[in-house]
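To start, the structure under review is shown below, and the notes come after it.
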Amino acid sequence: PFRIGINGAGPAGLCVAGILSHSKQPDGSPTFLIDVFERDERERDQGAGWDISSDAKKTFERAGLDWRTICREGSATWRIYRVGEHEQPIAMVSLPEVVKRLTGTGQPESNRHAMREGLLAAMGAGTTVHFDKAIVGLERGEGATATLLAEGGSRHGPFDLVVDASGVASPLRKLCVDEEGTAQHYNGLTMVNGIVGDPEGELDPQLVRMLGEGTVEFVGDRPDGAPDGPGGFDVILQRYGNEPSDRRAKMQSWFMRERRGQLGEELALGRVPFSKISRHEHPEAHARVLQLVKDHMGDRWPRMYHELVDALEPVQVWDLHQFPSDAALRGDRTLPLVLVGDALHAMSPTSGSGGNLACKDADDLATYILETRPKGSAALVDGLVPLMQGLLTRMEPNQRKGEWNADRFRNVLRNTRPVLEYYNRWTPFEGAERVFGSLAWLILRPMQWVHQLEGFGLPPRQNTES
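To convert, count from 1 in the sequence shown and add 378; that's the working numbering.
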C-alpha cells in the first residue's frame, strides 16, 4: 500500500484521510496506509466552527460525514443591531429565508468538536490518528520518500507522501514556499473571544431573542475614556452547538494594534495560554481581559452587554495572521510534500472562508491522489507543485472577502462619529463590489427589503425589554 503521513488532524487533514481511507484494492485491503499526527490532545475544546459552504458539505459527505450532524439547524442567520436600538435589526448579512428554501443554499454554523469526532468515526481501515504528537520537521529518505520528525526526537515513516494540514503555524511550509512567503503577516486586528455556556440562563432575555439560533452583531460607541479612546466597538455573538440542547454561544470582539502580541503584553498575559484563559486557572488574567472589553463598552452599552462579558468562560486572545497571496513556491518537484488549508494560504477569517477553502483543498488533493497514484509515485510527486499553484490561485478572491470584512471592523473601530450617525443598513456592505462585483447593490438592496418583509426571522416579542 501507498503510505501517507498527514500533519494536522483539523478538517483538511481528516478530510483527506477520510476520503482516501475508503479506497480499496481488488482484494479488499486499503489502498493507502495513513498516519495522521496532531499536536493537540483529542479532547481539546475546538470551540465554534464556521459557516459551512456547499463545497465543504460535499467534501464532508465524500469523507463519510453527514454535514447535517455537525451543524445547528436554523443557524444560517446574521442580524446586525445598533446598540440602543433593539426593536429590529438595521441589516442582515445572510440570505432571506425564502431564498434559502427555494435554492437550498445558506451556510449554517458548525461545531468543530463534532466535526472532528464525526470525521474520526467515519474513517475507514488503514488509518491511524496520533494525538499529542507535534511534528517539527521532515527528512528526505531513499527514493521519493520522507520521514516526519516529532517533538522529543521520535521519527515516523518513511512515507511516500506527506500532507501538511497543520495550519498557519506549519513547521513544513518553509520547505515548499520561498522565504518571503513564509512570513506571517499580522493584519492589525486582534480578536478577543469567549464562550457563554448557557445564554438562556445567564443572559438578558432580550439579548437571547436577538441572538436566536444563529449570529447577531452589535455596533456601538466607545466611551471617551476607553483605553483606545473614542470610536466605535463591535461585538458578535453566535450559536455553535450542533445539538438543540447545546445552547452555547461564542462572543467575539476586535481591537486594532500596531504589532503582533501587543494586546497580550498590555494585558500582562505572560505565559498564560492565549487560547484558553480560564477564570479558574488564571483568574487575574481572565479578569483583565473581561475588564478590557467592558471598558470599551462603558456606559454607552446597556447593562445586558456587560453581563454578557461577565458570563464568558473561557476567553481567548487571537492575533489575526495571513500569508501573502502572491507567495512563490520553491518549485522542487522531487519533494513528496504538499501543503493544504491554512498551511498553504492562511487569510483573514470571514464566515469560514479559510475553513471552507481548506475542505475544498482536501477534496481536490484526494481526487488528485486517487487519479494519479496508478501512474506511479514519481508522477504523483512531480505534479504536487502545479497542484499547489492551482490551490494558491483561488486564494485571492477569498482574501478579498476577508479583507472586506476586516476593513468593516477597522472602520467601526476608527470611527469617531456617533454610531447612530454613520452606521445604517448599507454600511456593512460598503466595498462589497470588491467581493461580489459591480452588480452587488442590485442584489443586496432587494435582499434587505425581503428580510424586512420576513420580520428579520425574529421570534415573537415578549415583555423582556431591559
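We treat Cβ as the ideally placed atom computed from N, Cα and C, and that holds for glycine. A quick note: this is a predicted structure, and the numbers were derived from the prediction, not measured.
Could you spell out the range, first to last residue, of the alpha helix (DSSP H) harbouring residue i?
i    : result
Q771 : According to the sequence provided, residue 771 is Thr. The question's Gln does not apply to it. T771 -> alpha helix (DSSP H) spans L762 to T771.
I397 : P389 to S399
K738 : S731 to T750
V671 : P661 to M675
K436 : S432 to R440
D688 : R681 to D688
W445 : Unbroken run through W445: none, as it is neither H nor E.
H829 : A818 to L831
V586 : P583 to L589
V797 : V797 to Y800
G579 : P577 to E580
Quick one: what's residue i bridged to in DSSP?
i    : result
R518 : A524
S717 : The amino acid at residue 717 is misidentified as Ser; the sequence shows Leu. The partner list for L717 (beta bridge, DSSP) reads D542.
V594 : R457 and L615
Y564 : H699
L411 : R381
G610 : D599
L707 : V555
K402 : P408
Specify the secondary structure class of residue i as computed by DSSP and reduced to three states.
i    : result
N489 : strand
A646 : coil
Q694 : strand
R381 : strand
E843 : Here the model assigns E843 a pLDDT of 47, short of 50, so the residue's position is not dependable and the matter cannot be decided.
A426 : strand
F857 : This structure does not reach residue 857, given that the chain is present from 379 up to 844, and the question cannot be answered.
V476 : helix
A547 : coil
G452 : coil
A604 : coil
N620 : coil
V790 : helix
V574 : strand
A724 : coil
P467 : coil
K753 : helix
K511 : coil
A500 : coil
By Cβ distance below 6 Å, which residues in the same chain neighbour residue i in space, the five residues on each side in sequence not counted?
i    : result
D510 : E419
H674 : R600, A604 and F611
L762 : V716
R635 : T568 and L641
G719 : A390, A543, A736 and D739
L668 : V687
L647 : A663
R381 : L411, F537 and D538
G484 : A454, L473 and K478
L392 : L497
R711 : D760 and V763
Would residue i pass as an interface residue toward chain C - the criterion being a Cβ-Cβ separation below 7 Å?
i    : result
P577 : No chain C appears in the structure shown, which is made up of a single protein chain.
Since residue i contacts residue j with CB under 8 Å, what's their CB separation in whole angstroms?
i    : j    : result
A724 : A543 : Actually they are not in contact, since the Cβ atoms of A724 and A543 sit about 12 Å apart, beyond 8 Å.
P486 : S453 : 5 Å
V570 : A627 : Incorrect: roughly 15 Å between the Cβ atoms, too far for contact.
R657 : E691 : 6 Å
V594 : Y459 : 7 Å
D742 : L769 : 7 Å
V693 : I747 : With a Cβ gap of about 40 Å, V693 and I747 do not count as contacting.
A500 : G442 : 3 Å
D556 : A721 : Actually they do not touch by this definition, with Cβ atoms about 15 Å apart.
Take residue i and list the residues in its own chain whose beta-carbon comes closer than 7 Å to its own, dropping the five residues that flank it on each side.
i    : result
R812 : R778 and W782
N776 : M725, S731 and L735
G519 : T525, G535 and P536
P577 : V586, L589, R625 and A627
E621 : none
M493 : P389, G427 and I448
V671 : V570, S631 and V687
L798 : R460
T919 : What the structure shows of the chain is the stretch from 379 to 844, and residue 919 is not part of that stretch, so it cannot be assessed.
P549 : I513, V514 and G515
Excluding the 5 residues preceding and the 5 following residue i in the sequence, name in chain order all residues of the same chain whose CB lies nearer than 8 Å to its CB.
i    : result
D785 : G809
T506 : I412, D413 and V414
I821 : F814
G619 : R450, N489, R625 and R626
D606 : R600, F633, M634, H674 and L791
I468 : I458, Y459, R460, Y801, N802 and R803
V828 : P474, V476 and V477
Kindly indicate the opening and closing residues of the beta strand (DSSP E) around residue i.
i    : result
G535 : R533 to F537
V507 : T505 to H508
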